[in-house]
Amino acid sequence: MDEVTRDIQGEIPWCMLFADDVVLVDESRAGVNRKLELWRRTLELKGFRLSRTKTEYMMCDFSATRHEGGDVSLDGQVVAQKDTFRYLGSVLQKDGDIDEDVRHRISAGWLKWRQASGILCDKRVPQKLKGKFYRTSNSSGDVIRC
């Protein structure tokens, strides 16, 4: 993806790529439409397709000025607008808050705890096996107590 789109990529944070995910940022809706159409044409010329069902956008209106109306569209099809946007494990919100990201991280932590506690807190599992499990599953430095 990086090589195919090298000529149309902008500077970070205006254009970010990770694997097959692309984030396009602009200060206006018209600018986003122009960038999206340029990416669509470029990718289709190289034999790729932008997914119309997976493409979505989020508008963050942090300025006091009024923005133009209208939709973001991809090849004439309106793109779904979202209030939250998940990218590389983080949840971004259109109002700039971090509530959804914190909620997501807490629930992910509890899910991991529920998965691990079944083994770590089971008295029938030998201590040596618990140690191996703990070392392999706890490489990120999380603290787990039983």
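Using the working numbering, count along the sequence shown one by one with no gaps and you end on 915. Even for Gly, the Cβ is constructed at its ideal location relative to N, Cα and C.
Handout entry: Length-filtered (3 minimum) beta strand (DSSP E) runs lying within the region 858 to 892
Key = 859 to 862
Practice task
Sort D830, G779 and Q896 by Cα distance to V791 and report the nearest one.
Solution key: G779
Exercise for the section: Taking all protein chains shown into account, decide if K901 is buried (16 or more other Cβ within 10 angstroms of its Cβ) or exposed. Expected result: exposed
Practice task
Compute the Euclidean distance between the alpha carbons of D840 and V848, then round it to the nearest angstrom.
Solution key: 7 Å
Practice task
Assuming K899 contacts I888 (C-beta within less than 8 Å), just tell me the rounded distance between them.
Solution key: 7 Å
Practice task
Would you mind reading off the limits of the beta strand (DSSP E) that contains V794?
Solution key: From DSSP, V794 is part of no beta strand (DSSP E); its letter is neither H nor E.
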